[in-house]
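Undergrad:
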Amino acid sequence: MGTVKLSLDFEDRVGLVLDVSRVISARNLNIITFQVLPGRMFLEIEKTDKKTINQIIDDLKNIPKVLKVHPIEIMPYEQKEQQLRAVLDTVNEGIIAIDSHGIISICNQSCAEIFGIPVEKVIGQNVGKLLAKDIPMLKTLKTGESYNNQEIIINVEGRRLHYLTSGRPIKDRLGNIVGVVAVLKPMSEVRELVYAITKPSLNSFNDIIYASEKMRFVVEMAQKVAKTDTTVLIRGESGTGKELFARAIHLESPRRTKPFVPLNCAAVPESLLESELFGYVEGAFTGAKKGGKQGLLEFAHEGTLFLDEIAELPTHLQAKLLRVLQEGKVRRIGGQEEIPVDIRIIAATNRNLEGMVREGKFREDLYFRLNVFPLQIPPLRERVEDIEVLAYHFLNTFAKRRGIQNFEITENALNKLKRYSWPGNVRELQNVIERALTLADDGVIEDKDIILDNPQKTHFVVRTLEEAVNQVEKELIERALKQYPSIRQAAKSLGVTHTTLRNKIKKLKLTDKIME
Numbered sequence: 001m002g003t004v005k006l007s008l009d010f011e012d013r014v015g016l017v018l019d020v021s022r023v024i025s026a027r028n029l030n031i032i033t034f035q036v037l038p039g040r041m042f043l044e045i046e047k048t049d050k051k052t053i054n055q056i057i058d059d060l061k062n063i064p065k066v067l068k069v070h071p072i073e074i075m076p077y078e079q080k081e082q083q084l085r086a087v088l089d090t091v092n093e094g095i096i097a098i099d100s101h102g103i104i105s106i107c108n109q110s111c112a113e114i115f116g117i118p119v120e121k122v123i124g125q126n127v128g129k130l131l132a133k134d135i136p137m138l139k140t141l142k143t144g145e146s147y148n149n150q151e152i153i154i155n156v157e158g159r160r161l162h163y164l165t166s167g168r169p170i171k172d173r174l175g176n177i178v179g180v181v182a183v184l185k186p187m188s189e190v191r192e193l194v195y196a197i198t199k200p201s202l203n204s205f206n207d208i209i210y211a212s213e214k215m216r217f218v219v220e221m222a223q224k225v226a227k228t229d230t231t232v233l234i235r236g237e238s239g240t241g242k243e244l245f246a247r248a249i250h251l252e253s254p255r256r257t258k259p260f261v262p263l264n265c266a267a268v269p270e271s272l273l274e275s276e277l278f279g280y281v282e283g284a285f286t287g288a289k290k291g292g293k294q295g296l297l298e299f300a301h302e303g304t305l306f307l308d309e310i311a312e313l314p315t316h317l318q319a320k321l322l323r324v325l326q327e328g329k330v331r332r333i334g335g336q337e338e339i340p341v342d343i344r345i346i347a348a349t350n351r352n353l354e355g356m357v358r359e360g361k362f363r364e365d366l367y368f369r370l371n372v373f374p375l376q377i378p379p380l381r382e383r384v385e386d387i388e389v390l391a392y393h394f395l396n397t398f399a400k401r402r403g404i405q406n407f408e409i410t411e412n413a414l415n416k417l418k419r420y421s422w423p424g425n426v427r428e429l430q431n432v433i434e435r436a437l438t439l440a441d442d443g444v445i446e447d448k449d450i451i452l453d454n455p456q457k458t459h460f461v462v463r464t465l466e467e468a469v470n471q472v473e474k475e476l477i478e479r480a481l482k483q484y485p486s487i488r489q490a491a492k493s494l495g496v497t498h499t500t501l502r503n504k505i506k507k508l509k510l511t512d513k514i515m516e
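Using UniProt numbering, you'd call the opening residue of the sequence shown number 1 and step up by one each time.
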């Protein structure tokens with residue numbers, strides 16, 4: 001049934017509204033909506049014929065203090081509702097409001113999409129019947145307590161809904177609760193938001209610095225497996241860059257737009273590790289968060305879960321992880337529901353997993369599940385060619401941070417770096433370079449600025465017998481020149497002639513050490 005909408009301009013006087021009502025009731029018509037604003041009045045009445053409408057307009061104009069009367073297309077409250085609807089529908093989050101009886105009064109387009117139901121079918125429904133009787137909105141309607149970031153998993157018309165929600169009570173001027181408004185965000189969008197935040201910290205293969213053939217081979221293998229969905233097990237000593245490889249693999253994988261979720265199994269206490277990985281339902285244990293908590297296995301859905309130090313995972317959790325990998329489903333602590341997950345696993349360790357399997361400390365079936373594509377990163381001592389390029393890379397990074405434009409590493413300093421065995425690998429080299437730049441004069445790093453964490457680990461790194469001989473001779477000559485005040489005395493201590501020592505000094509480019 002249609003309606004007729006009128007606007008009246010007037011000068012305020014007592015009884016004006018009553019006079020307007022009499023004109024309408026005289027035609028035996030109902031007033032559907034009556035809005036009064038300063039100097040203006042709006043009427044919505046039952047639809048009638050055009051002749052009657054014109055008579056009503058003429059009668060209204062004859063009322064004292066009424067200045068103007070004309071038809072309108074939309075009532076002010078309708079215009080405000082349209083504006084509010086436009087605003088709500090531009091918001092990415094779902095917004096829903098209920099009245100004091102739990103009836104849905106507001107539902108924006110995003111909320112309807114979350115429910116998978118058209119807006120017009122959502123509004124007017126009882127929220128408890130549509131969603132669930134125990135949803136947080138109904139609790140807030142009773143208690144008046146707000147809630148933040150509660151995770152909800154429910155089924156609506158055969159669809160599984162998984163979203164994060166926060167809600168606030170709506171109160172009248174007297175403080176009475178007259179409704180509740182809530183914001184909903186699908187967990188898939190929450191994961192994408194996290195990815196958008198963490199993406200800048202992801203590294204590509206271009207961030208892996210190397211010059212050696214050994215590393216070139218490893219990088220090429222990693223680039224090949226990155227394009228697949230294969231499980232990767234990265235092996236290597238501490239400090240070799242296992243997480244760097246894991247991040248690069250994710251960034252070049254089909255899952256690059258989804259979350260990369262790292263977990264160091266050795267860094268989380270065993271008592272918390274299970275809940276971090278698998279999550280829990282509300283009331284699962286003392287101190288469990290209201291609404292429960294999503295585990296990292298769920299959070300990494302459609303993305304990559306990086307399990308560093310996988311060898312430190314307790315045996316009982318190894319069994320649970322294996323079940324997830326086999327079935328693609330997660331069951332939260334204290335819960336019964338099997339939650340589907342689609343994740344790629346990249347694991348890493350510096351331990352001998354094969355030995356742990358033999359000793360019964362690591363499940364053999366999980367080992368085979370993880371070891372689909374092993375990637376072995378060689379220690380720094382086995383790729384001496386990388387030391388110089390890495391040293392200059394770190395030096396350039398630290399120099400930029402400190403505003404140092406001119407910097408270099410002397411040959412003696414580089415040789416000292418190359419003779420060291422680097423038990424801490426690339427991470428240790430990074431620390432040594434940062435320390436050396438702090439000690440260096442005018443940005444020039446000399447061998448005295450290279451302070452090693454474990455000098456006893458120094459060894460001769462050579463490729464040929466000639467290099468070995470030259471390196472030993474250089475060490476002995478430098479030591480003798482420091483100990484004795486002249487070349488003659490140094491030569492005598494070494495058991496060679498003065499001329500022979502001079503020639504070797506020139507050959508080994510130690511001319512700056514010559515003393516007479």
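We put the beta carbon where it would ideally sit given N, CA and C, even for glycine.
Quick one: what does DSSP say ALA222 is sitting in, helix, strand or coil?
TA: The answer is helix: DSSP assigns ALA222 an H, G or I state.
Undergrad: By alpha-carbon positions, which one of PHE10, PHE34, GLU78, TYR420 ends up nearest to ILE63?
TA: The shortest C-alpha separation from ILE63 is found at PHE10.
Undergrad: Excluding the five sequence neighbours on either side, which residues of its own chain have a C-beta within less than 6 Å of the C-beta of LEU88, listed in chain order?
TA: Excluding sequence neighbours, LEU88 sits near ILE95, ASN108.
Undergrad: What separation, rounded to the nearest whole angstrom, lies between the Cα atoms of PHE245 and ILE208?
TA: In a straight line, the C-alpha of PHE245 is about 8 Å away from that of ILE208.
Undergrad: By Cβ distance, which residues of its chain are closer than 6 Å to GLY424, with the 5 residues on each side in sequence left out?
TA: These residues qualify, in order along the chain: GLY239.
Undergrad: Looking at the secondary structure, which residues open and close the beta strand (DSSP E) in which ILE154 lies?
TA: Segment 147-156, the beta strand (DSSP E) holding ILE154.
Undergrad: For the beta strand (DSSP E) containing ARG168, name the first residue and the last one.
TA: That run of the beta strand (DSSP E) goes 159-171.
Undergrad: Does the count of Cβ pairs from the region 357-364 and the region 223-230 closer than 8 Å reach three?
TA: With a cut-off of 8 Å, the region 223-230 and the region 357-364 do not count as touching, because too few Cβ pairs lie within range.
Undergrad: Nearest by alpha-carbon distance to MET187: which of ARG168, TYR163, PRO169, VAL178 is it?
TA: Comparing Cα positions, the closest option is TYR163.
Undergrad: Any idea what DSSP makes of ALA267, helix, strand or coil?
TA: Reduced to three states, the DSSP call for ALA267 is coil.
Undergrad: Excluding the 5 residues preceding and the 5 following residue 517 in the sequence, name in chain order all residues of the same chain whose CB lies nearer than 8 Å to its CB.
TA: The first residue shown for the chain is 1 and the last is 516, placing residue 517 beyond what the model contains.
Undergrad: Tell me PHE285's beta-bridge partners as DSSP assigns them.
TA: PHE285 is not bridged to any residue.
Undergrad: Which stretch, first to last residue, makes up the beta strand (DSSP E) that contains VAL4?
TA: Run containing VAL4: 3-10, per the beta strand (DSSP E) assignment.
Undergrad: Classify LEU508 as helix, strand or coil using the three-state DSSP reduction.
TA: Coil at LEU508, not helix or strand.
Undergrad: Please classify MET304 as buried or exposed, where buried requires at least 16 other C-beta atoms within 10 Å of its C-beta.
TA: Here residue 304 is Thr; the residue named in the question, Met, does not match the sequence. Burial call: buried.
Undergrad: Could you please give me the residues that DSSP links to VAL261 through a beta bridge?
TA: In the DSSP output, where bridge partners are listed per residue, VAL261 has LEU305.
Undergrad: Quick check: what's the CA-CA separation for TYR367 versus ARG358?
TA: Cα to Cα, TYR367 sits roughly 11 Å from ARG358.
Undergrad: Pull the bridge partners of VAL444 from the DSSP assignment, please.
TA: Answer is GLU408, ASP441, bridged to VAL444.
Undergrad: Among ILE106, GLU44, VAL330, GLN125, whose alpha-carbon lies nearest the alpha-carbon of ALA86?
TA: When only C-alpha atoms are compared, the closest one is ILE106.
Undergrad: Measure the alpha-carbon distance for PHE460 versus LEU380 and round it to whole angstroms.
TA: Because the pLDDT at PHE460 is just 48, under 50, the model does not fix this residue reliably, and the value given afterwards should be weighed accordingly. If you take the alpha carbons of PHE460 and LEU380, they lie about 14 Å apart.
Undergrad: Please go through the same chain and pick out, in chain order, the residues whose beta-carbon is closer than 7 Å to the beta-carbon of GLY335, but skip the five residues on each side of it.
TA: Closer than 7 Å at Cβ, skipping near neighbours: VAL281.
Undergrad: Mark GLN79 as exposed unless 16 or more other C-beta atoms lie within 10 angstroms of its C-beta, in which case mark it buried.
TA: Per the 10 Å Cβ criterion, exposed.
Undergrad: Secondary structure at LYS329, three-state DSSP: helix, strand or coil?
TA: Three-state DSSP puts LYS329 in a strand.
Undergrad: Should ASP59 and VAL23 be called a contact, given that it needs their Cβ atoms to be closer than 8 Å?
TA: Yes, Cβ-Cβ distance for ASP59 and VAL23 is below 8 Å.
Undergrad: According to DSSP, what are the bridge partners of THR349?
TA: The partner list for THR349 (beta bridge, DSSP) reads ARG235.
Undergrad: Cα separation between ILE387 and LEU414?
TA: Roughly 8 Å separates the two Cα atoms.
Undergrad: Could you check whether the region 345-357 touches the region 307-317, counting it as contact only if at least three pairs of C-beta atoms, one from each stretch, sit closer than 8 Å?
TA: Verdict: yes, contact present.
Undergrad: Give me the Cβ distance between GLY279 and GLY295, rounded to the nearest whole Å; I'm assuming they're in contact under 8 Å.
TA: About 3 Å separates the two Cβ atoms, so the contact holds.
Undergrad: Is the shortest distance between the beta-carbon of ARG216 and the beta-carbons of chain B less than 8 Å?
TA: The structure shown contains no chain B; it holds only a single protein chain.
Undergrad: If ILE53 sits next to VAL4, beta carbons under 8 Å apart, how far is it from one beta carbon to the other, in whole angstroms?
TA: Indeed, because the Cβ distance is near 6 Å, the residues count as touching under 8 Å.
Undergrad: Per DSSP, which one or two residues make a beta bridge with THR33?
TA: Paired residues: GLU44.
Undergrad: Per DSSP, what kind of secondary structure is GLN376 in: helix, strand or coil?
TA: In the structure shown, GLN376 sits in a strand (DSSP, three-state: E or B).
Undergrad: At which residues does the alpha helix (DSSP H) containing ASP19 begin and terminate?
TA: It spans 16-26 - the alpha helix (DSSP H) in which ASP19 sits, taken as one unbroken run.
Undergrad: So what's ASN396 in DSSP terms, helix, strand or just coil?
TA: Of the three classes helix, strand and coil, the one that applies to ASN396 here is helix, per DSSP.
Undergrad: Cutting at 7 Å between CB atoms, please list the residues of its own chain near LEU29, excluding the five before and the five after it.
TA: So the qualifying residues of the chain are ILE45, GLU46, THR48.
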